[in-house]
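K.L.:
Numbering (this note's numbering), first residue to last: 7 to 255.
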């Protein structure tokens with residue numbers, strides 16, 4: 007993830023690279039000094055657009071990672087908790103303001119005759135236990151679990167008085183109430199490296215830029231300019247791509 011300094015330095019790099027390419031090309035099609043004015047204006051626009059986009063992506067990346075980490079922590083800590091602890095937590099989440107609801111043997115018995123059955127575990131739901139709950143609580147059962155397999159959804163879908171609530175729905179309720187389970191286990195953070203489809207490295211960006219400047223400079227002194235313009239542009243574009251998408255190493 008980019009830091010504030012890297013975003014600023016990348017913006018300056020892109021602004022300069024854009025200005026060089028634009029000023030050289032506009033030199034052949036637009037009278038001086040308008041070519042420089044237009045090139046500078048377009049380079050400023052490209053720099054501003056990159057800066058704003060990079061900042062938005064940085065903010066979204068931080069929010070997304072924090073949300074994912076919080077979700078995973080909540081699901082893991084619920085799954086390693088005993089059934090009674092799960093019931094205590096969901097009673098606080100769903101029933102604390104209701105009179106007449108109570109916890110019995112890890113099940114939340116509602117005052118309307120229904121029940122909430124927490125079943126966060128690393129194994130599949132005990133179908134027998136769910137069916138026994140359906141017989142006992144005639145006004146319906148809400149089953150809570152992180153995930154339900156296709157076979158579980160097909161089986162439980164046969165019962166009209168059974169509601170399934172998975173981890174995403176439960177986590178949404180947690181965020182609304184700003185209430186999360188106690189952290190019993192904190193998962194180890196693993197750094198995931200995402201490689202770009204091209205073998206680009208940030209440290210090569212300056213070299214590509216210098217090669218590009220070399221070829222573009224020669225275009226002013228040779229009769230056949232298209233060759234130098236094409237290669238100069240290609241090198242500078244490679245420099246920009248390396249700066250944006252390249253690996254740090």
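Here a beta-carbon is modelled for each residue, glycine too, at the ideal position from N, C-alpha and C.
If residue 86 and residue 242 are in contact, beta carbons under 8 Å, what's the gap, nearest whole angstrom?
P.N.:
That belief does not hold up - the Cβ atoms of residue 86 and residue 242 are roughly 54 Å apart, past 8 Å.
K.L.:
Return the Cβ separation of residue 183 and residue 116 in integer angstroms, given the expectation that the two are a contact with Cβ distance under 8 Å.
P.N.:
Incorrect: roughly 17 Å between the Cβ atoms, too far for contact.
K.L.:
Looking only at its own chain, which residues have a Cβ that is under 8 Å from the Cβ of residue 44, when we skip the five neighbours before and after it?
P.N.:
Only 28, 32, 36 meet the Cβ criterion.
K.L.:
Taking the alpha helix (DSSP H) that residue 36 belongs to, which residues open and close that run?
P.N.:
Here residue 36 belongs to no alpha helix (DSSP H), and DSSP marks it neither H nor E.
K.L.:
Between the C-alpha atoms of residue 139 and residue 76, what's the straight-line distance to the nearest angstrom?
P.N.:
Between residue 139 and residue 76, the C-alpha separation is close to 31 Å.
K.L.:
Between the Cα of residue 22 and the Cα atoms of 126, 95, 211, which residue gives the shortest distance?
P.N.:
If we check each option's Cα against that of residue 22, 211 comes out closest.
K.L.:
Answer with buried or exposed for residue 248, where buried requires no fewer than 16 other C-beta atoms within 10 angstroms of its C-beta.
P.N.:
Counting Cβ neighbours within 10 Å, residue 248 comes out buried, since at least 16 surround it.
K.L.:
Give me the Cα-Cα distance between residue 128 and residue 142, rounded to the nearest whole angstrom.
P.N.:
In a straight line, the C-alpha of residue 128 is about 26 Å away from that of residue 142.
K.L.:
Taking the alpha-carbon positions, what's the residue 60 to residue 54 distance?
P.N.:
Between residue 60 and residue 54, the C-alpha separation is close to 10 Å.
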